[in-house]
Structures are given as C-alpha cells and as structure tokens.
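Visitor:
Protein chains: 2
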Amino acid sequence: MTTGNLLIAQGGGPTAVINQSLVGAVLEARRFPAIHHVYGARFGVRGIVDENFVDLGQESRHNLEQVAATPGSALGSTRDKPDDNYCSNIFKVLKQYNIRWFCYIGGNDSSDTLNIVSEFARRANYDLTAIHIPKTIDNDLMENDHTPGFPSAARFVASAMAGVDLDNRALPGVYVAVIMGRHAGFLTAATAMARRHPDDGPHLIYLPERNFHEQQFLTDVKQVYDRLGRCVIAVSEGIHDANDQPIVTQLQQQVERDAHGNVQLSGTGALADLLTNLIKTKLGLKRVRGDTLGYLQRSFAGVVSTVDQSEAREVGEKAVQFALYQGESGSVTINRVGNYLVDYRLVPLSQVAGKTRTMPTEFIASSGADVTAAFRHYLAPLLGEPLAVTARLRAPTVSRVG
Amino acid sequence: MTTGNLLIAQGGGPTAVINQSLVGAVLEARRFPAIHHVYGARFGVRGIVDENFVDLGQESRHNLEQVAATPGSALGSTRDKPDDNYCSNIFKVLKQYNIRWFCYIGGNDSSDTLNIVSEFARRANYDLTAIHIPKTIDNDLMENDHTPGFPSAARFVASAMAGVDLDNRALPGVYVAVIMGRHAGFLTAATAMARRHPDDGPHLIYLPERNFHEQQFLTDVKQVYDRLGRCVIAVSEGIHDANDQPIVTQLQQQVERDAHGNVQLSGTGALADLLTNLIKTKLGLKRVRGDTLGYLQRSFAGVVSTVDQSEAREVGEKAVQFALYQGESGSVTINRVGNYLVDYRLVPLSQVAGKTRTMPTEFIASSGADVTAAFRHYLAPLLGEPLAVTARLRAPTVSRVG
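Residue numbers (my numbering), protein chains in the order written: chain A, 850 to 1251; chain B, 850 to 1251.
Shown next, in the form of structure tokens:
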C-alpha cells in the first residue's frame, strides 16, 4: 500500500468558493493514516518549483472552516503555464518530498499541467496520483455540468444587474455592463436571472459565442430604447468581430498579453467606455453609462451561492477519496443526475486538459442578443437561496385635475 | 385643522434603502384622517410639473413592504434642479391638487427645492408643510451624523474591497478601485473597513478632501509595493489637483456635465484606466489592474446595512409625524445620541439646503492617504451585521528538503 505525502495547490483566478475545495480536500486527507503530511504549495505550481510549502496538518479545524468561507485563493495562485521543462521540475520536487498524491484546484490549464506531470511520473515509474479539482467562474470545463465558482459569480452578476436595472428605471438612459468571460458566455448570460418583470433588464445580452456586429448592436439598442425609453445591456468582455478580433482591441494601442498569450481583458474599463461612446455618438442618446464589473465578480465577500459552496466542498473531498480509494489520476467532474441533484465522477485528465466548453446553441436566443428559457432552467437551481426581492409600486395613476 | 392631500417624491441618485423612507412615510401618512390622499410623484419634481401622480393609498401593505426592501427609487427620480420658475410651477400644481404636505426624499438639492417652494407657499398665504427626508450615499448633508443610503453603500464597498484584496493577495500586483463621491470622501474612506489583518488592503486611500499630487501618489504606491509586493488602492472619483481640476478631466477631451454643471464622473472607467496607466508607465510595474465600482455601489440587490434599513424607514415615518404634529417645514436629521443610538430632529430647510458636508479633519490621516481610527469608530456601528469573514491560513512553512 502506498504511503507518503499529499500536496495541494490552487491555480488561476480565485473564486468565492475555491477555499471550500481546498478545505474539503485537506480535512478529508487528514483522515487517512497512509498520508503522513498534507502540504500546501504557496502560489500554485510556482510554489512547487520554489519549494514553498506549508504544513496543513498544523491548522485548527476552526481556522480551516473560516478560510473555507473566505473568497480568494488562501494558498495563493499563479498565472504560470508550465511547459514540459517546468513540469519536469515540478515532478523532481514532488519526488523529493515523497508526494504520492497531488491535488491541483484550477481550470483547464491546471488539468493540462497535471496531465504532463503524471506522464513524467509514469515514465519514471514513480507512484503518483494526480487529481484535478475543477474551479472556474467561466464555467468552461468539458465533462462538467457546471464548475465550482461559477454559481457564486452568477449570483453576483445577477444581483448586480437587478440593482442597476432598478437604478436605470429610476433615472432612465442606456447602461452597459461588461462581464468576465473570454470565450464562454455563461457568466454574461447569467445576468438574465435578474429579470422578474417582463420589461426588466438586461434587455440585450452579447456573448463571445456569437460574432459582434457594431451595426446590429446599434440597431438592437435603438429598438429597445424606442420601446422602453431606456436600455440595459450585458456584454461579455470577450466579444469579438467576425475575424475573431476582440472588440476591446479596437481601442487599445498597447495590448497586454498574459503568459498564455491572451489579450488582457479585465482590470480596465476600456470596452465599456468604447461601447458607451459608440451609443452616444452614433445614436445621439444622452445619459449613457457603462460599468465594468471587474474583479468583484469572482471575489466579493458575502455574496455566495449556497449550492456552489457545498459542491465546491464536495469536489475537494471527492478528489481525496478518488485518489486514495481508486489510486488513479483524473479530473473530478460535476454531473447533473436529477432536478436538482449531482454526482461526482473521475474522468481522464486528457478529457478536460486544455479544452474549453462554450455555451451550447440551445442556450442562446436566435437573435444572438439574449438567452433562452432552457438556459434559465439550467442556471436557476445553481444560484442557491432566492435572489433579493425587486418589487415595483402598483398604485394607480391619479386623474389629472387640470 | 388642516386637511388635504400629502405628496411624496424621490430625487437624485437612488440608494439601496431609499424605498424604506418612501414606505415609512406612506404607511405613516395612511394613519391620519386629515390626509385624504397619499400621492406619489413619478420621476421626482418632474412628475409634479407634469402632473404624473400615483395614488399610494391604493397599495397593499405587502407590496409596499416588498418595495421597501427593493433598491432604486420606486417612484422614479430626476436630475432636474428646479430654478425659481420651475419651483413656481411646482407650487401651482401642489395648490391645484390641494397638497398640504409635501415630502421630498433627496440630497441637499432636494432640500433647496423644498425651501424655494415653501417660500412661494408662504408668500401666497397657502398652508403647506414641506419636509425634506435625507438620502445620499455621499453622506454629505449638513446637520446629520450620517445619511440613509450611505451605510449600505459603505457596506458594499467594504465587502468589495475585502474581496479584491484577497484576490490581489492570491495574484499579487497593484489594484486601483475608484469609488463614488464627488466632494465628500466618506464612501471611499469606508473601504478601510475591509481591513482585518495588519497588512490587508486598501493600503492607500485618496479622498477629495485633499489635493491629489501625482508624484506623491507614485511615491506612496512604490513604498507599499516594495514592502508588501502588492498594493491595493481606493480612490474617490472626485480627486482633484491643487487647482481643483478633477484628475479625470486630464484624460477626457469631451467633458459631460449635468444640469448642475458638474462634470460626469460615474459611468466611465476613465479615472481607473488613467491611474493604472500612470503606475505602469512611471513605476514600470506589471499586473496593474483597475476597477470602477460604478452604479453597483448604490443599487446592488442584496447587500444592505440592517441599521441603514431601519433608520431609512424611521426618517420616512418621522417626516410625516413632524409634518402632522408640528406643522412646520424642515429637514429631518439623524443625530447620534449614544453608542450606538440615534434620534431624529427637524431643522430649518436652509440649514441643509445646497450645503455640502465633507470629511472632518480628524477622520483623515495626516499622510493624506488613509483614514484614522476615529473614522473607523464612527462608521463601525452603521454597517449592521458583521461583514463576511476573511480568514487566512496560519499553517507553518515546511522545511526545505534540498
């Protein structure tokens, strides 16, 4: 029987519930006598090659529960995307520290890293079980009904949109909200959950799954504005033209790219400003406002889906159970098996690694500027407790005296 | 004894609790037989001159309670700033509809409007009681310890900042958050409530009460970054240079002004982008991100201070009680009389009308880039329930094998 140490790390963008998965895995791992130490790597894979480890056996249960309820990645994260050489260094350190189980919480890049590392272990005949624990607010992992982090981010953007729509009703105009999501529009689509009354916003929703046409956009906005005297719009940061060029690059002279070669989309208000200026100049409308929801979407302290919370905890627990009882590398996936009910399965890392899932066609309205009832049906049970109430006065109009 | 109708309206920017004040006043007004009808004007004073009224007597208590819990201005609002002629038209309509009590929920502009209208009534020997119900997330009304709407907005920005600080700890860099507040820095200052650990952000806070010096700003940022390897900054949208020029105008070619002659600050990411570019180019730092918290600050559905909620309700109720029992025009004010305890007093409209309260010196750190313990002591009881937990791992570092 294998004995040794377990290592856990967190990669990519933090979420509101990523620490639930961390704590789920840590508490579960501490149950197994075969696991001598439960180590955490600081700042993702970077902390492995730097040998920057903490001993998570020496944590009180109370503090772990407090950390679980805290947004952000408690171990620290990284944007490093390890190549073969980097992965070889990771493997060397794992061996040196007698790591026999390696759990990495992250998106499809993290799954890819695990895949390469476990291949090094296999070739070296070193007994290593590498488990990917899913996490991403983008909801873009293959083989998953949805991914931990997405429901809480969805709850945040739906609540935000419900509020700004009420604000816009009180002081009518055009409002553009830019939502995170480079290739997958799930989070932008989630703004549709803000609607309660038939004329509630968002009235238009633009996703990266469809090409963005400036002229069609302006026509859409004008149509809504003419009908309602106002227009609330949700736009994915990743919207692009027919040549796959991000709309935001039309403005920026200097484009910032990350280690993955991706254009920087978050942390700037450029896209919202570009679209509001377009509406002002081309449609001649006044009171056109734009907000970029930014990092609040994945980090806001205090807005969380209770469903997301418990599922994030469970994928962490299941990762350790799969690792210890099955001894096979793989990626933990969430599968919907009832209404509403999930179970967790381990799939080969290669089925998740480096792949991106986008919104299926049946979730996108044929207009290309809205979502379908099928999408709302899909998302509704994930949001947890009912959203805050958004009621309107129903008092009758007073007859004119004059 | 005076009998007739009561009119209520909402002005200026909506808040998370402005409908509590509306409902507090409406339910209270419906108790008095002297009041024949309780009317609401749609879209503020604009709805008065347009004679666009609803009959709030014909609302169920349940729906009113639902509306009370809803952010935004349920009656609709306006940015109109009535001049003498406009006020004369308001007065004519009030007379025509036999309005004897006029309650206007708003900021110092609304108080000013009421002051002018009540002067018209006095000169015409028309019996009118005009009551200003305070509301503003800016917390900038004279004679008030604080104003309804501010505590909920403060809770929002503190929660947001706690989250983005955790995000920044996980993926270190520089982060700039731009917060609402043209002349008064209270809301930006409220981000300080996000701090729990001694090195939690925001590490720097810039208020409109102090001149903003680019060179000092860069020095401050560099100092924090050198010490912590990261830096989280909160900046008021209203920061200005020594000549009182808003920093944001340094970027914008075309400056948009509202009816009050104010430069448009919200609804654009320009200031955050300007500051992040400054840090990137002048300090050569990477991963510099900026978010403009925007309209979410005053409208987010589901984040509210319970203290704010009940106080907003009470100022509405008290407005009607002052109007009916004292029969004198005035502005309802919140006074702190214990720790923590408030009472409500009616002061002459002229003491609030058109005046702006800013952060007192004892609330601003001598560095000019932080708040004091006195400010945190002032704000703490207003935030309601404890903020969401933000815990850190305390696990010891593992000794290196190599």
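Don't be surprised by glycine CBs; every beta carbon is placed ideally from N, CA and C.
Please classify A:Asn-1184: is it buried, with 16 or more other beta-carbons within 10 angstroms of its beta-carbon, or exposed?
Guide: Within the first sequence, the letter at position 335 stands for residue 1184 of chain A. Exposed is the call here.
Visitor: Thinking just about the alpha-carbon of each residue, which of A:Pro-920, A:Val-966 and A:Tyr-946 is nearest to the one in A:Cys-901?
Guide: As a position in the first sequence, residue 901 of chain A is number 52, starting the count at 1. The sequence given here has Asn at residue 901 of chain A, not Cys. The shortest Cα separation from A:Asn-901 among A:Pro-920, A:Val-966 and A:Tyr-946 belongs to A:Tyr-946.
Visitor: Interface residues of chain B around A:Leu-1114 at Cβ under 7 Å?
Guide: In the first sequence, counting from the first residue as 1, residue 1114 of chain A sits at position 265. The contacting residues do not exist; A:Leu-1114 stays about 11 Å from chain B at best.
Visitor: Output, in chain order, the set of chain B residues within a Cβ distance shorter than 9 Å of A:Tyr-809.
Guide: Any question about residue 809 of chain A goes unanswered here, given that chain A covers just 850 to 1251.
Visitor: Between B:Leu-1015 and chain A, is the shortest Cβ-Cβ distance under 8 Å, so that the two count as touching?
Guide: For this step, residue 1015 of chain B is matched to residue 166 along the second sequence. Closer than 8 Å to some Cβ of chain A, the Cβ of B:Leu-1015 qualifies, so yes.
Visitor: If you draw a straight line from the alpha carbon of B:Asp-904 to that of B:Gly-889, how long is it in whole angstroms?
Guide: Locating residue 904 of chain B in the second sequence gives position 55, where the first residue counts as 1. Locating residue 889 of chain B in the second sequence gives position 40, where the first residue counts as 1. Cα to Cα, the separation comes out at about 6 Å.
Visitor: For the region 870-884 of chain B, enumerate the residues whose C-beta is nearer than 7 Å to any C-beta of chain A, in chain order.
Guide: Correct list: empty, as no residue qualifies.
Visitor: According to DSSP, which residues form a beta bridge with A:Ser-835?
Guide: Residue numbering for chain A in the displayed model covers 850 to 1251; residue 835 of chain A lies beyond these limits and cannot be assessed.
Visitor: In three-state DSSP terms, what is A:Val-1152?
Guide: The residue you call residue 1152 of chain A lines up with position 303 of the first sequence. Coil at A:Val-1152, not helix or strand.
Visitor: Going by C-alpha distance, which of A:Leu-876, A:Ser-1199 and A:Val-1201 is nearest A:Glu-1166?
Guide: Residue mapping note: residue 1166 of chain A aligns to position 317 of the first sequence, counting from 1. Measuring from the Cα of A:Glu-1166, the nearest candidate turns out to be A:Leu-876.
Visitor: Quick one: list the residues of chain B neighbouring A:Asn-912, beta-carbon separation under 8 Å, in chain order.
Guide: Position 63 of the first sequence, counted from the start, is the residue given in the question as residue 912 of chain A. Those are Ala-1240, Leu-1242 and Arg-1243, listed as they occur along chain B.
Visitor: Nearest chain B C-beta to A:Asp-1122 closer than 8 Å, yes or no?
Guide: Here the question's residue 1122 of chain A lines up with position 273 in the first sequence. Cβ-Cβ to chain B under 8 Å: yes for A:Asp-1122.
Visitor: How many angstroms separate the CA atom of B:Ala-1237 from the CA atom of A:Asn-957?
Guide: Along the second sequence, read from residue 1 onward, the residue named residue 1237 of chain B stands at position 388. Along the first sequence, read from residue 1 onward, the residue named residue 957 of chain A stands at position 108. The straight-line gap from Cα to Cα measures roughly 30 Å.
Visitor: Give me whichever residues DSSP pairs with B:Phe-902 in a beta bridge.
Guide: Counting from one through the second sequence, the residue named residue 902 of chain B turns up at place 53. Partner(s): B:Ala-890.
Visitor: Find the residues of chain B that neighbour A:Ser-926, judging by a C-beta separation of less than 8 Å, and give them in chain order.
Guide: The count along the first sequence starts at 1 and reaches residue 926 of chain A at position 77. Within chain B, the residues near A:Ser-926 are Ala-1019 and Leu-1020.
Visitor: Report yes or no: is there a C-beta of chain A within less than 8 Å of the C-beta of B:Ala-1002?
Guide: For the purposes of this step, residue 1002 of chain B is identified with residue 153 of the second sequence, where counting begins at 1. False, the Cβ-Cβ gap to chain A never drops below 8 Å.
Visitor: Pull up the distance between the alpha-carbon of A:Thr-1210 and that of B:Ala-1007, whole angstroms please.
Guide: Numbered from its first residue, the first sequence carries residue 1210 of chain A at position 361. Numbered from its first residue, the second sequence carries residue 1007 of chain B at position 158. Cα-Cα distance, rounded: 39 Å.
Visitor: Which chain A residues sit within Cβ distance under 7 Å of B:Gly-1087?
Guide: By 1-based counting over the second sequence, the position of residue 1087 of chain B is 238. Near B:Gly-1087 there are no residues of chain A at all, since even the closest Cβ is about 17 Å away, more than 7 Å.
Visitor: Which same chain residues end up closer than 6 Å to B:Asp-1069 when comparing Cβ atoms and leaving out the 5 residues on each side of it in sequence?
Guide: The count along the second sequence starts at 1 and reaches residue 1069 of chain B at position 220. The residues are Leu-1053 and Ala-1218.
Visitor: For A:Gly-1087, verify whether its CB is less than 7 Å away from any heavy atom of the ligand HEM.
Guide: Only the bare structure without any ligand can be found here, which leaves the ligand HEM out of the picture.
Visitor: Is the separation between the beta-carbon of B:Ile-1128 and that of B:Leu-1120 shorter than 8 Å?
Guide: As a position in the second sequence, residue 1128 of chain B is number 279, starting the count at 1. As a position in the second sequence, residue 1120 of chain B is number 271, starting the count at 1. No, Cβ-Cβ distance for B:Ile-1128 and B:Leu-1120 is not below 8 Å.
Visitor: Quick one: give me the first and last residue of the alpha helix (DSSP H) that B:Asn-854 is part of.
Guide: As a first step, residue 854 of chain B is located in the second sequence; it is residue number 5 there, counting from the start. Where B:Asn-854 is concerned, there is no enclosing alpha helix (DSSP H), although the beta strand (DSSP E) it sits in stretches over 853-859.
Visitor: Short check: CB of B:Thr-996 to CB of B:Trp-950, under 8 Å?
Guide: Here residue 996 of chain B corresponds to residue number 147 of the second sequence, with the count starting at 1. Here residue 950 of chain B corresponds to residue number 101 of the second sequence, with the count starting at 1. Contact flag unset, no.
Visitor: Cβ of B:Ile-1082 within 8 Å of Cβ of B:Pro-1057?
Guide: As a working mapping, residue 1082 of chain B is identified with position 233 in the second sequence. As a working mapping, residue 1057 of chain B is identified with position 208 in the second sequence. Cβ atoms of B:Ile-1082 and B:Pro-1057: not closer than 8 Å.
Visitor: For A:Gly-889, which residues in chain B fall below 8 Å Cβ to Cβ?
Guide: On the first sequence, position 40 is the one that residue 889 of chain A refers to. Simply Leu-1242 and Ala-1244.
Visitor: Note down, in chain order, all residues in the region 1151-1180 of chain B with a beta-carbon under 7 Å from any beta-carbon belonging to chain A.
Guide: Answer set for the region 1151-1180 of chain B: Gly-1151 and Val-1152.
Visitor: Measure the CB-CB distance between A:Arg-1147 and A:Ala-865 and report whether it falls below 8 Å.
Guide: On the first sequence, residue 1147 of chain A is found 298 positions in, with the first residue counted as 1. On the first sequence, residue 865 of chain A is found 16 positions in, with the first residue counted as 1. Against a cut-off of 8 Å, the Cβ pair of A:Ala-865 and A:Arg-1147 comes out as a contact.
Visitor: Less than 8 Å separating the beta-carbons of A:Val-872 and A:Arg-879?
Guide: For this step, residue 872 of chain A is matched to residue 23 along the first sequence. For this step, residue 879 of chain A is matched to residue 30 along the first sequence. Against a cut-off of 8 Å, the Cβ pair of A:Arg-879 and A:Val-872 comes out as no contact.
Visitor: Put A:Tyr-1189 into one of helix, strand or coil per three-state DSSP.
Guide: Taking the first sequence and counting its residues from 1, the one referred to as residue 1189 of chain A is at position 340. Coil, per DSSP.
Visitor: I need the boundaries of the alpha helix (DSSP H) containing B:Tyr-935, first residue and last residue.
Guide: Counting from 1 along the second sequence, the entry for residue 935 of chain B is found at position 86. From DSSP, the alpha helix (DSSP H) with B:Tyr-935 extends over 933-945.
Visitor: Please determine, among B:Ala-1003, B:Arg-910 and B:Val-894, the residue with the shortest C-alpha to C-alpha distance to B:Asn-934.
Guide: Position 85 of the second sequence, counted from the start, is the residue given in the question as residue 934 of chain B. Comparing Cα-Cα distances from B:Asn-934 to each of B:Ala-1003, B:Arg-910 and B:Val-894, the minimum goes to B:Val-894.
Visitor: Between the region 1034-1050 of chain A and the region 1187-1203 of chain A, do at least 3 Cβ pairs fall closer than 8 Å?
Guide: Short answer: they don't touch.
Visitor: Using a Cβ-Cβ cut-off of 8 Å, state whether B:Gly-1118 counts as contacting chain D.
Guide: In the structure shown, chain D cannot be found, because the protein chains are A and B.
Visitor: Tell me whether B:Gly-955 sits in a helix, a strand or coil according to DSSP, three-state version.
Guide: Counting from 1 along the second sequence, the entry for residue 955 of chain B is found at position 106. It is a strand residue.
Visitor: Grab the span of the beta strand (DSSP E) containing A:Ser-1085 for me, first residue to last.
Guide: Taking the first sequence and counting its residues from 1, the one referred to as residue 1085 of chain A is at position 236. Note, A:Ser-1085: beta strand (DSSP E), 1080-1085.
Visitor: Reducing DSSP to helix, strand and coil, say where B:Tyr-1174 ends up.
Guide: Numbered from its first residue, the second sequence carries residue 1174 of chain B at position 325. Looking at B:Tyr-1174 - three-state DSSP - the assignment turns out to be helix.
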